[in-house]
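Visitor: Note that the sequence shown covers residues 1 to 1280 in UniProt numbering.
Every residue gets a Cβ at the ideal spot worked out from N, C-alpha and C, and that includes glycine.
Below is one structure. I have some questions about it.
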Amino acid sequence: MFLFAMGQGNSHESTNHSDLIEPIDEESAIQFTINKIKYSVPKCIRPQTTLNYFIRNFAKLKGTKYMCLEGGCGVCIVAVKIKDEILAVNSCLVPIFLCNGWDIITIEGIGGKLADYNLLQKTLADMNGSQCGFCSPAMVMNMYSLIARKRTSANDIENSFGSNICRCTGYRSILDAFQLFSTNTASGTSASVRDIEDAHKSVLCLKNCASCNDFEMIGVVGPKPIYLKLKDADFFKVFTIGQIFEIFNKCPNASYILNGGNTGNGVYRISKKDLYLDINDITELQNISKSADKLSVCSAVSLENMRACCQKYSKDDGFEYLNQLAYHINLIGHLAMRNIGTIAGNLMLKHQHPEFQSDLFLILETAGAELHILESEGSKISSTFLDFMEIDMRHKLIYSVVLPRLEYNYVYKTYKIMPRAQNAHAIVNAGFLFRLDDKTQVLEQPNIIFGGISAKFFHASETEKYLKGKVLLDSNTLKNALSTLGNELKPDLILPEASPEYRKKLAQALFYKFILSLKPNKIDARLRSGGTMLERPISSGKTDYNVDKNLWPVNKPVTKIEAYYQTSGEAEYIDDISHRDDEVFCAFVLAPETGPIDSIDASEALGMDGVVAFYSAKDVPGKNVFVDQTALITYTDELLFAEKEVQYAGQPYGMIVASDRYAAYEAVKKVKLIYENGPRKRPLLTVEEVFASNDKSRIYEITHQDATKPAGKNVKNTIKGTLVSGSQYHFTMEPHVCFCIPLEDELNMFASTQFVTFTLRNVSACLGIPENKINIKVRRVGGAYGVRLTRSSLVACACAMAAQKLQRPARMYMTIEDMMQAVGKRIPTYSEYEVGIDDVGKIQYLNWNYWANKGISMNDTVPSFAIEMFKNIYDTSTWSWTYNNVITDLPCGTWCRSPGSAEGLAIIGDVMEQIARATHQDPFDVVLQNVSDDDRERVTSMIDQIKKTSEYEDRRKAADLFNKENRWKKRGVGTSVMKFHVGFGQGFHALVSVYSIDGTVSITHGGIEMGQGINTKVAQVAAYTLGIDMDMIRVKPTNNLTAPNDGASGASITSDCCASATKAACEELLKRLKPVKDILPNATWKDITNMAATLNIDLCASHKYNILEDLPKNYAVYGVTVAEVELDILTGQHIVRRVDLLEDTGTSLNPEIDAGQIQGAFVMGMGMWTTEHLIYDPSTGALANHRTWNYKPPTALDIPVDFRVSFLRNAPNPVGILGSKTTGEPALCMSCAIPVAIRYALDSARADAGNTEVWYNLDGPLTVEKIMLSSLTEPEQMDL
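Have a look at this one:
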């Protein structure tokens, strides 16, 4: 079978295709350029090799990254010039054999330190748009392509980054940087950009980029067919339709794929084929023709070109509906995918996988389009889209799509409801085509089509029949139509898709939305808002802080010192380290479900080309663990490989070692795990399931605290509640990766860890060798958020084992599927509380029980974080609580940014909100009723400030008025108040070395640079302390030689501690240099270091932070947030209209870095509470959504439309390093203001639905499904 079939046509002249018979031997058959350098594809290469793999491993250009390998994360984006058109493409999706004649440009090709930085690179860096930096080169290349195509309106820029995920920044700084290039500015480039250009050497052709010299055509001779006989497949590049059919005739039994854009691999993984046919240069399949009655678009036209075509012809009489079609195409995937994804590719994906929610199929079928299919070179048939689904398409080609002219009285409307704003497949999509008279009477049988219901459901046929001849704007007609529709909608249940209940109601609601859109002036004014989708304007942000120039370079908003390297692709991550000829690649083999192991059969895998070894538990040279209970911060061992039993679905039970990643991934599929016969226990996956099982052995009480004072006696009301908070995948852009090189009797390791000491101790235990034989070095990691504290040692131990056993360099780079299945995530929780209050909401007593779903292990538990945040700012003397860990059949839950703290603040926030409802008070007033005396002054002043700056009271009144006037759109305002406790205790080294001749300084410290700007802050503190320019300072990679036994880079303490240690080391150097300064009072720094050398003064100083001796001491970060949302009650979608966030940052060491940390943390928290929903198969425990295709962190269109961040002024931290406070995690906790705002809006919707409950459970995450179902919307309420 095949995935994409393309090509159909009119009758063709007979052509001699004898030139296809003999294969070509030349290595130069497939040629292209990368950054103006010509390359040829060697025939030894695998046919599935991607452009990304070639760029990184053959061209040796490491600025282009990879992660998901399915076009969902965007880190692989490059620019290509194809047929004079410059496009952004996902290099991870494009097979290298399709690149013949292409001119490719990577991040290295547009600028760098040797050839001057490109202005885009500089602007993104200087605007703080790069944190961990892993996504930055692709962000630049996406924007570069927009400029090249002259698509730089503010709207173009805002909407074109659905292709790029950034977990660090929250997108605000990225959009701010790139909007400076918008044509909406006066001259196309803003004053800020010109300032950057003046400040630095930089290059960017802004006006004529499409014709600039970044690209060089290689002048491929053609059109000459290419036939390459590869090692395990045949490749053809064809130029005529006839050549395709000749291949079919000569190879009638071969499996094949007709390659257009190959973007379908991002939906369904493409299996290996016998034949690969590149059809991209068949001119006939690229044609677009327009007549008075129809528009014909051939099958190899890209989705983006089809969108542009529809937009163009929507101005023609009878084709106005194409504007709606163009709008809907813009919702398919993302721009880089649409640039090369083709019409036929999308339709054939639907043909082969009927369950695929193809938007293209739906919108074309709705319009009554026709499909032309070639059965042979001279034989063409016409087909409806429904009939197409039943045609055997083997050895047939889609030739074209024909769109009809529609008379003025046709109404065409389509909808797509997604789990987030962009780059997501439809939960349900819908299309409506009605021919109506002026009174909305249906003149002929309409088209009512839904996707996402089931594989076989297309038309709502009974509803279509019923509505013929009816008047749509009639209440009885609407009621009967909704009933008929409800009877024929029977959604199936296929994980991880949304529930059948939601999808059915959503389909009915979309039909109702369509009816409301027809003649709004004929609809009850309060209902009209239901006829439109949520409208999101161009977003903006504002940061407000003050600086003290007397402290500079401390407190100065300087550019992060690695930022230029990151935005130019020069920054080195672990997998960028040069490959060695003898190295091997490792890949885990994961168990599909739990159960006792009978045996493992790797014989087939071991017989495959390129496979070097298979290792399992019996092969581990030391202890079979990746977490050893004798290591730091752990309770129990965790196995590297499953031994007698699989403890959770996704657990590694072995590892393939192969010559390259393709061989490893193929071999993994061939390893067989045989379970013991007999029934297996159904896995327990949630706290509630453990409760229901009555298995008390799984529940462990960790801590209990009784009230320190008797309960108050003025109990007027008792409230009770529960709250479930879900898990969250960390979604680091760089997955877990490790590279190990055996050297003599030692092992050099480059590991993606936040905790070098922990990794060192576990690798030592696993290999059975002393710690001093292991050398770990970490320059930076591509995001962390807690997952690299303990979980990264899984990869480190496995990779080190392969290197040690084979005495060869070994590399391991987890796929997103493996990482999501094998590695623990944010710890899900379940809470119950009971609270007694008086008439004004003052708490008289509170009892709280908390259960943390820890998966298979008690490791990485977070009781103190959760409890301290629950206590928050309040008087807790009459409160009691119990914290419990619950063992389930999931991977061990682990730290995830603000672990426990985010959940703790959400729970106490839930309590305060319920009290506010019960006492009919403003939530801020309830907070102030219960605040402790110690915190009252600070909290009161911050609440007063944000109420004023956010226009809080006016916006609540405006939301109430909006809700009163609108039934189907609702707004809500939510708040959060935070006291984030920062506790110190771990030690961190800093080593400062001064080079005597030129006076320059090198620093290495025990922290890990993972995007938080630790190296920049350390350099700022060193420059401030020594009194020298930052340009004289370099920060070197972390290693276990200069920073032995150091703590974990987590819990928001590392920048503080490393800056403190650096300051102390610098002060020690100044003490040593004082005699020289006394001798040379007016000398320069360089003169002083020169003299110090002659006096043999030691210019290397080390210090380890110690809380007993050094600042910082424990402190708290205060914060207040006001958030406003708008909901579409009929769909469950929402937009965050505005967020005002005030945080107590002390005297910020670097305001721009801290602002970026706050924005990024908050948006990650938004994902936790809204779009990020992990779904497990209840029968096996397997994670059902383990890819970018079905797990959805926020994109650039999901962030607040108006995002305002303010630093509390004039509030230095007396126990902080130079008055500063941390910013990496606290803001994530305050994102619980979003579900509070959603509840506010839902309250109005539920009241309109007849609900009288004051309180109701609203557990996280608040997905579109949860929001719609919680609104209590039913079809019976849908009226006119």
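On the DSSP letters alone, give me the boundaries of the alpha helix (DSSP H) that residue 145 sits inside.
Guide: 136-148 is the span of the alpha helix (DSSP H), which, as asked, contains residue 145.
Visitor: Would you mind giving the Cβ-Cβ distance between residue 612 and residue 806, rounded to the nearest angstrom? I have them listed as a contact below 8 Å.
Guide: The Cβ separation is near 7 Å, so the contact holds.
Visitor: How is residue 848 classed by DSSP in three states: helix, strand or coil?
Guide: In this structure, residue 848 counts as strand in the three-state DSSP scheme.
Visitor: According to DSSP, which residues form a beta bridge with residue 881?
Guide: Paired residues: 705 and 848.
Visitor: Please state if the CB of residue 912 and the CB of residue 926 are separated by a distance shorter than 8 Å.
Guide: Contact flag set, yes.
Visitor: According to DSSP, what are the bridge partners of residue 994?
Guide: Beta-bridge pairing links residue 994 to 1001.
Visitor: Where does the unbroken alpha helix (DSSP H) through residue 923 begin, and where does it stop?
Guide: That run of the alpha helix (DSSP H) goes 923-930.
Visitor: Residue 1054 and residue 1021 - do their beta-carbons sit closer together than 8 Å?
Guide: Not a contact, by the Cβ cut-off of 8 Å.
Visitor: Is the segment 749-761 in contact with the segment 628-637, if contact means three or more CB pairs nearer than 8 Å?
Guide: Flag = yes, the segment 749-761 and the segment 628-637 touch.
Visitor: Assign residue 1027 to one of two classes, buried (16 or more other C-beta atoms within 10 Å of its C-beta) or exposed (fewer than that).
Guide: Exposed, because fewer than 16 other Cβ atoms sit within 10 Å of the Cβ of residue 1027.
Visitor: In terms of DSSP beta bridges, what is residue 434 paired with?
Guide: According to DSSP, residue 434 bridges with 411.
Visitor: Have a look at residue 1278 and residue 967 and give me their C-alpha separation to the nearest angstrom.
Guide: If I take the Cα positions, the gap works out to 10 Å.
Visitor: Who are residue 737's beta bridge partners in DSSP?
Guide: DSSP output for residue 737 lists 813 as bridge partner(s).
Visitor: Measure the alpha-carbon distance for residue 118 versus residue 571 and round it to whole angstroms.
Guide: Straight-line Cα distance between these residues: approximately 15 Å.
Visitor: Can you list, in chain order, the residues of its chain with a C-beta nearer than 7 Å to that of residue 289? Leave out the 5 residues immediately preceding and following it.
Guide: Same-chain partners within the cutoff: 296.
Visitor: Could you give the C-beta distance for residue 1117 and residue 1154, rounded to a whole number, given that I count them as a contact under 8 Å?
Guide: At roughly 11 Å, the Cβ-Cβ gap does not stay under 8 Å, so residue 1117 and residue 1154 are not in contact.
Visitor: Does the count of Cβ pairs from the segment 1086-1098 and the segment 1200-1214 closer than 8 Å reach three?
Guide: These segments do not touch.
Visitor: Could you check what DSSP says for residue 690 in three-state terms: helix, strand or coil?
Guide: Residue state, collapsed to three classes: helix.
Visitor: Check whether the segment 1219-1231 touches the segment 1136-1150, counting contact only when three or more Cβ pairs, one atom from each stretch, lie closer than 8 Å.
Guide: Flag = yes, the segment 1219-1231 and the segment 1136-1150 touch.
Visitor: Helix, strand or coil: how does DSSP classify residue 1142 here?
Guide: The answer is strand: DSSP assigns residue 1142 an E or B state.
Visitor: Do residue 641 and residue 616 have their CB atoms nearer than 8 Å?
Guide: Yes, the pair counts as a contact, with Cβ atoms nearer than the cut-off.
Visitor: By how many angstroms is the C-alpha of residue 722 removed from the C-alpha of residue 1259?
Guide: For residue 1259 and residue 722, the distance between alpha carbons rounds to 8 Å.
Visitor: Does residue 290 come out as helix, strand or coil in the three-state DSSP assignment?
Guide: Looking at residue 290 - three-state DSSP - the assignment turns out to be strand.
Visitor: Count the other C-beta atoms from every protein chain shown that fall within 10 angstroms of the C-beta of residue 528, then say buried if there are 16 or more, exposed otherwise.
Guide: So residue 528 ends up on the buried side.
Visitor: Once DSSP output is grouped into helix, strand and coil, what is the label at residue 309?
Guide: Looking at residue 309 - three-state DSSP - the assignment turns out to be helix.
Visitor: If you follow the beta strand (DSSP E) that residue 775 is part of, which residue opens it and which one closes it?
Guide: Residues 774-778.
Visitor: So the beta strand (DSSP E) residue 1121 belongs to, where does it begin and stop?
Guide: Residue 1121 -> beta strand (DSSP E) spans 1115-1128.
Visitor: From 274, 796, 603 and 263, pick the residue whose C-alpha is nearest to that of residue 810; which is it?
Guide: Nearest C-alpha to residue 810: 796.
Visitor: Residue range of the alpha helix (DSSP H) that residue 1176 falls in?
Guide: Taken as a continuous stretch (DSSP letters only), residue 1176 belongs to no alpha helix (DSSP H), as it is neither H nor E.
Visitor: Taking the alpha-carbon positions, what's the residue 28 to residue 42 distance?
Guide: Roughly 8 Å between the two C-alpha positions.
Visitor: Can you tell me which of the three DSSP states residue 1096 falls into?
Guide: Coil, per DSSP.
Visitor: Rounding to the nearest angstrom, what Cα-Cα distance links residue 727 and residue 737 in this structure?
Guide: For residue 727 and residue 737, the distance between alpha carbons rounds to 23 Å.
Visitor: Closest to residue 816 by CA distance: which of 479, 1187, 996 and 1101 is it?
Guide: Among 479, 1187, 996 and 1101, the Cα nearest to that of residue 816 is on 1187.
Visitor: Select from 1042, 33 and 336 the residue whose C-alpha is nearest the C-alpha of residue 73.
Guide: Out of 1042, 33 and 336, 336 has the C-alpha closest to the C-alpha of residue 73.
Visitor: Are the segment 1073-1090 and the segment 984-1002 in contact at 8 Å, needing three or more beta carbon pairs?
Guide: Enough Cβ pairs lie closer than 8 Å, so yes.
Visitor: Does the distance from the CB of residue 709 to the CB of residue 878 come in under 8 Å?
Guide: It is a contact, given that the beta carbons lie within the stated cut-off.
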